[in-house]
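To start, the structure itself, in structure tokens.
In the numbering used here, the protein residues as written are -13 to 112.
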């Protein structure tokens, strides 16, 4: 099944051409993003022992936290009933690299994204 966003509401569309047009336009302008954060790699600390070397290694990795509207139902095999899974958060880099979670609605995705940003950044030595 294909979906588009009207405001923050997902609307099912049956016509693949309409969906494709909407998707290509909105992929360019970023309106599929519920939230996005890039954390640049940070400068290493100058002095310290083995523990600081581990911290410095983590500081050298940029981190991206991204939550997007998928535009296709990812509730394969109806594992979660008939509700479509349409949003996804992912973390790239750092301690939580490859973390992934999916959601039913924009509001759920936004709340989870904000919490994910807190969880990922609270453990960083900035």
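Don't be surprised by glycine CBs; every beta carbon is placed ideally from N, CA and C.
Coil, strand or helix - residue i by DSSP
i           : result
residue 60  : coil
residue 37  : helix
residue 9   : helix
residue -2  : strand
residue 45  : helix
residue 112 : Because the pLDDT at residue 112 is just 49, under 50, the model does not fix this residue reliably, and the point stays unresolved.
residue 14  : helix
residue 104 : helix
Where residue i falls, given that 16 or more other Cβ within 10 Å makes a residue buried
i          : result
residue 49 : buried
residue -7 : exposed
residue 66 : exposed
residue 73 : buried
Per DSSP, cross-strand counterpart(s) of residue i
i          : result
residue 19 : 54
residue 94 : Residue 94 pairs with nothing; no bridge assigned.
residue -9 : -4
Selected residue, minimal CA-CA separation from residue i, among the options
i           : options         : result
residue 25  : 83, 41, 51, 66  : 51
residue 88  : 106, 62, 104    : 62
residue 96  : 68, 18, -12, 7  : 18
residue 81  : 103, 98, 8      : 103
residue 106 : 8, 3, 22        : 22
residue 46  : 77, 27, 20      : 27
residue 75  : -9, 99, 3       : 99
residue 101 : 43, 37, -12, 20 : 20
(message) If contact is defined by three or more beta carbon pairs under 8 angstroms, each pair taking one atom from either stretch, is the segment -3 to 12 in contact with the segment 26 to 39?
(response) Below 8 angstroms, too few C-beta pairs join the segment 26 to 39 and the segment -3 to 12 to call them touching: fewer than three.
(request) Evaluate the contact criterion for the segment 46 to 62 versus the segment 91 to 98: three or more CB pairs, one atom per stretch, below 8 angstroms. (result) Yes, since at least three Cβ pairs between the segment 46 to 62 and the segment 91 to 98 fall closer than 8 angstroms, the two stretches touch.
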